[in-house]
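Asker: Respectively, the protein sequence lines represent chains A and B.
Heads up: the first sequence begins at 250 in the working numbering, then just goes up one per residue.
Heads up: the second sequence begins at 250 in the working numbering, then just goes up one per residue.
Beta carbons: idealized from backbone N, C-alpha and C, even for Gly.
Here the structure is a predicted model, which means the values were calculated and not measured.
Protein chains: 2
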Amino acid sequence: MSTLSIATAAEVFELLREDLAAIEQEFSRQSASNVAVITDIAQYLIAGGGKRIRPLLLLLAAKALGSTGHSRIRLGAVVEMLHTATLVHDDIIDEADTRRGRPSSNTTWGNSKCVLAGDWLYMQAFSAALEERSFHVLDLLISLTQQMVEGELLQIEKLGHLINEEEYFDLIYRKTACLFKVSMQLGAAITPHDFGDAAIIESQLGEYGRNLGLAFQIVDDVLDLTAAEDVLGKPVASDLREGKATLAVIHALERGTGADREAIRTVLADRSFTSVSHPQILEILRRHGSLEYAMDTACAYAEAARQSIADLPPSDAKRALMWVPGFVTSRDR
Amino acid sequence: MSTLSIATAAEVFELLREDLAAIEQEFSRQSASNVAVITDIAQYLIAGGGKRIRPLLLLLAAKALGSTGHSRIRLGAVVEMLHTATLVHDDIIDEADTRRGRPSSNTTWGNSKCVLAGDWLYMQAFSAALEERSFHVLDLLISLTQQMVEGELLQIEKLGHLINEEEYFDLIYRKTACLFKVSMQLGAAITPHDFGDAAIIESQLGEYGRNLGLAFQIVDDVLDLTAAEDVLGKPVASDLREGKATLAVIHALERGTGADREAIRTVLADRSFTSVSHPQILEILRRHGSLEYAMDTACAYAEAARQSIADLPPSDAKRALMWVPGFVTSRDR
């Protein structure tokens, strides 16, 4: 395989096929508890799928530095478990009815059990991570989790309110980019290598993850506004319905007429499209080029991600990492 | 101070006064977040008080082995933070209106914020524990937390159902005794000493904690049945109202007439005293000596706790540890 050609999805998948399968197994094994309801909820969540993008990033970071050990499988499962734990608690908070096109776990098992199932997944993730016997790994994971939880609380505080770009970027960093960053850092942290100063390499890979995560969440937020419900697997414009202003909306708020601003404010305050319709909002966003602005911003972060790893030596994993940002910004769900 | 005389509450308090004050400060410092609502909820919980029995056990275990360092303060705050985190999530699950005679945090801030505040307290506790740079400490804490969360889930599964003594002891081990045990183990783990094999001493102190914790919870459950609401700071017989069968109730179920069993079953299934009154249940328990049976069992565990530390060299801390079980079994709230 040439290290000059551009990677394809099939090639990336082939590169990681065995590792991703091993991570699924590890995730499933780690989620088996002697308390039946925990195993039930965990298996339901695992079966729900998801893009597994966090383990994928961790694997690529580790492989780009020549990883051969089992740590990347274990920690690949850990980052997906942490991600799943946050989803379980977020669904309770958002009173979500569906997740990935299926009933959400709280709809099926009730809030009480899901609070505890989320707690259990957090602890199980830390328990597995603890097996690495690395304080640095634990520092990264605990600090990450705290930032994510704080982000979710900040989001609740801001629901229904107008926020500015700075606040938006802080929220999406905590919500998504932070875990992308740590997944990349972990891939580096567990891989002994001699490609240069370990701290610098870990930080560059972390930067890649942060930039990619910001791009990923901006695209997610645009898709929430524009994609069809059957493609997305959740109701359209659910962010606005929950009182969340995302990048395109913030852009339109700053550039729109008084009437435009009033329309957006109304939807955020009502948390519904009863007074102002979804097509009306889309018309405002299109008129001000707000959706393009958001997508352009996402593409700039995607490019920044690629730049962050320019110094890495050539490898199939590096080519895959160069491919991921384009995949993230061009997806339709 | 003679090491032969029996300790008094005043003497124990005096022995630990400075350390307990330092732990309050540490707990308060650790609970300050840059997200205001977290600090608010945490400060509210700290101000709510509580017996601080878990830090007290950790301090006594450490002092009995000659501790001089700061670790006992840090980890004293950690065990109280973990305990507080479980209370926050438990109150959501039990839909509790009050806690320690005040509105519960979920009543004040709502479930969503309290799910996240509980998560944050867990993470902050681990983050502080991580500063010890001891894998053994982390192993104890993470495994403990998982057992507690599993216990709470098991409890939900059993609500409204008749359980046997074995199931009851498993539940109260997870709910209370497990954290008492780990508090004692941590006190030993962080204290270098030459009183003998460190693993054996840690295990003996752990046994003390386990036995004391079982005694503590049995007494708590008896008080829930018998104490007055204004003394207890929560509604009487709330366990029965929530469908929880505790030791005295299990005893009466196994020894009662058909009519007695039916009355108890009805209350557990109804989760209220509408068909069968609280005094009727107390009459059944008294007729079968069930409350005495539970108290006798608690006293046996209290005595087992004292026996567990018989080998410790004499010290003020040991005398205090000998005093605690009697305090726990003779309290009225």
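#1: By the DSSP assignment, the alpha helix (DSSP H) with phenylalanine 522/B in it spans what residues?
#2: Along the region 337–355 of chain B, where does the CB come closer than 7 Å to a CB of chain A? Name the residues.
#3: Have a look at serine 392/B and alanine 518/A and give me their C-alpha separation to the nearest angstrom.
#4: For glycine 367/A, I'd like the list of residues in its chain whose CB is within less than 7 Å of its CB, leaving aside the five on either flank, ordered along the chain.
#5: Taking 6 Å as the limit between beta carbons, can you name the residues of its chain near isoleucine 412/A, skipping five residues before and five after?
#6: According to the neighbour-count rule (16 or more other Cβ atoms, all chains shown, within 10 Å of its Cβ), is threonine 357/B buried or exposed?
#7: Specify whether the region 423–430 of chain A and the region 384–401 of chain A touch according to this definition: at least 3 beta carbon pairs, one from each stretch, less than 8 Å apart.
#8: Hey, isoleucine 533/B and alanine 501/B: beta-carbon distance below 7 Å or not?
#9: Since I believe leucine 489/A is in contact with valine 516/A (beta carbons under 8 Å), could you give me their beta-carbon distance rounded to a whole number of angstroms?
#10: Residues in the region 379–406 of chain A with C-beta within 8 Å of chain B's C-beta atoms, listed in sequence order?
#11: Looking at leucine 402/B: is its Cβ nearer than 7 Å to the Cβ of leucine 365/A?
#12: Span of the alpha helix (DSSP H) holding arginine 555/A?
#13: I need the straight-line Cα distance from arginine 504/B to isoleucine 421/B, nearest angstrom please.
#14: Nearest by alpha-carbon distance to glutamate 456/A: which of Ser557/A, Pro574/A, Arg321/A and Tyr417/A is it?
#15: Just the Cα atoms here: how many angstroms apart are arginine 514/B and glycine 492/B?
#16: Could you tell me whether any Cβ in chain B is nearer than 7 Å to the Cβ of tryptophan 358/A?
#17: Less than 6 Å between C-beta atoms, sequence neighbours within five positions excluded: which residues of the same chain meet that for cysteine 548/A?
#18: What did DSSP end up calling arginine 504/A once you bin it into helix, strand or coil?
#19: Taking all protein chains shown into account, decide if methionine 397/B is buried (16 or more other Cβ within 10 angstroms of its Cβ) or exposed.
#20: Can you name, in chain order, every residue of its own chain whose Cβ lies under 8 Å from the Cβ of glycine 409/A, other than the five neighbours on each side?
#21: Note down, in chain order, every chain C residue with its Cβ under 8 Å from the Cβ of glutamine 373/A.
#22: Could you give the distance in angstroms between the alpha-carbon of glutamate 414/B and the alpha-carbon of alanine 477/A?
#23: Identify the residues that DSSP records as bridge partners of proline 352/B: which are they?
#24: Are the region 293–306 of chain B and the region 265–279 of chain B in contact at 8 Å, needing three or more beta carbon pairs?
#25: First and last residue of the alpha helix (DSSP H) that includes histidine 527/A?
#26: Here's the rule: buried if 16 or more other CB atoms are within 10 angstroms of the residue's CB, otherwise exposed. What is glutamate 399/B?
#27: Classify arginine 582/A as buried or exposed, calling it buried when 16 or more other Cβ atoms lie within 10 Å of its own Cβ.
#28: Can you pull the chain B residues whose beta carbon is under 8 Å from the beta carbon of isoleucine 287/A, in chain order?
#29: Counting contacts by CB-CB distance shorter than 7 Å, is serine 320/B in contact with chain A?
#30: So, are the CB atoms of isoleucine 499/B and tyrosine 371/B less than 7 Å apart?
#31: Under the assumption that isoleucine 530/A contacts alanine 543/A (Cβ atoms under 8 Å), give the Cβ distance between them as a whole number of angstroms.
#32: Please go through the same chain and pick out, in chain order, the residues whose beta-carbon is closer than 8 Å to the beta-carbon of serine 354/A, but skip the five residues on each side of it.
#33: Verify the CB distance criterion: does valine 364/A have a CB-CB separation below 7 Å to chain B?
#34: Find the residues of chain A that neighbour serine 361/B, judging by a C-beta separation of less than 7 Å, and give them in chain order.
#35: Proline 484/A by DSSP, collapsed to three states: which one?
#36: Near isoleucine 439/A, which residues of its chain fall below 8 Å by C-beta distance, leaving aside the five closest residues on each side in sequence?
Answerer: In brief:
#1: Phenylalanine 522/B: not part of any alpha helix (DSSP H); DSSP gives it neither H nor E.
#2: Using a CB distance below 7 Å, the part of the region 337–355 of chain B facing chain A consists of His338, Ile341 and Ile342, ordered along the chain.
#3: Between serine 392/B and alanine 518/A, the C-alpha separation is close to 44 Å.
#4: In its chain, beyond the 5 residues on either side, Ala334, Val337 and His338 have a beta carbon closer than 7 Å to the beta carbon of glycine 367/A.
#5: Excluding residues within five positions, the ones whose Cβ falls inside 6 Å are Ala494.
#6: Exposed: under 16 other Cβ atoms inside 10 Å.
#7: Result yes; three or more Cβ-Cβ pairs closer than 8 Å.
#8: Closer than 7 Å, so yes.
#9: Contact holds; Cβ gap of about 5 Å.
#10: Listed in sequence order: Leu379, Arg382, Phe384, Leu387, Asp388, Ile391, Ser392, Thr394, Gln395, Val398, Glu399, Glu401, Leu402, Leu403, Ile405 and Glu406.
#11: Going by C-beta atoms, leucine 402/B is nearer than 7 Å to leucine 365/A.
#12: For arginine 555/A, the uninterrupted alpha helix (DSSP H) segment begins and ends at 539–557.
#13: The C-alpha of arginine 504/B lies about 22 Å from the C-alpha of isoleucine 421/B.
#14: By alpha-carbon distance to glutamate 456/A, the top candidate from Ser557/A, Pro574/A, Arg321/A and Tyr417/A is Ser557/A.
#15: Arginine 514/B and glycine 492/B have their C-alpha atoms some 9 Å from each other.
#16: Not flagged as an interface residue toward chain B: tryptophan 358/A, since no C-beta distance is shorter than 7 Å.
#17: Cβ-Cβ distances below 6 Å link cysteine 548/A to Thr578 in the same chain, with the five nearest sequence neighbours on each side left out; the list follows chain order.
#18: Residue state, collapsed to three classes: helix.
#19: Per the 10 Å Cβ criterion, buried.
#20: The answer, listed in chain order, is Gly492, Leu517, Ala518 and Arg520.
#21: Reference to chain C is not applicable here, since the protein chains of this structure are A and B.
#22: When rounded, the distance between both Cα atoms is 55 Å.
#23: Answer is Thr347/B.
#24: Yes: the two stretches touch, three or more of their Cβ pairs being nearer than 8 Å.
#25: 527–536 is the extent of the alpha helix (DSSP H) around histidine 527/A.
#26: Flag for glutamate 399/B reads buried.
#27: In summary, arginine 582/A is exposed, with fewer than 16 beta-carbon neighbours lying within 10 Å of its beta-carbon over all protein chains present.
#28: Ordered by position in chain B, the residues that pass the 8 Å Cβ test against isoleucine 287/A are Glu399 and Leu402.
#29: No, its Cβ sits nowhere closer than 7 Å to a Cβ of chain A.
#30: The Cβ atoms of isoleucine 499/B and tyrosine 371/B do not sit closer than 7 Å to each other.
#31: No, isoleucine 530/A and alanine 543/A are not in contact; Cβ-Cβ is about 14 Å, not under 8 Å.
#32: The answer, listed in chain order, is Ile290, Tyr293, Leu294, Val337, Asp340, Arg348, Cys363 and Ala366.
#33: True, the Cβ-Cβ gap to chain B drops below 7 Å.
#34: Those within 7 Å of serine 361/B in chain A are Ile342 and Ile405.
#35: The answer is coil: DSSP assigns proline 484/A none of H, G, I, E or B.
#36: So the list reads Ala311, Ser316, Gly318, Ser320, Arg321, Leu324, Glu381, Ser383 and Val386, once near-sequence residues are dropped.
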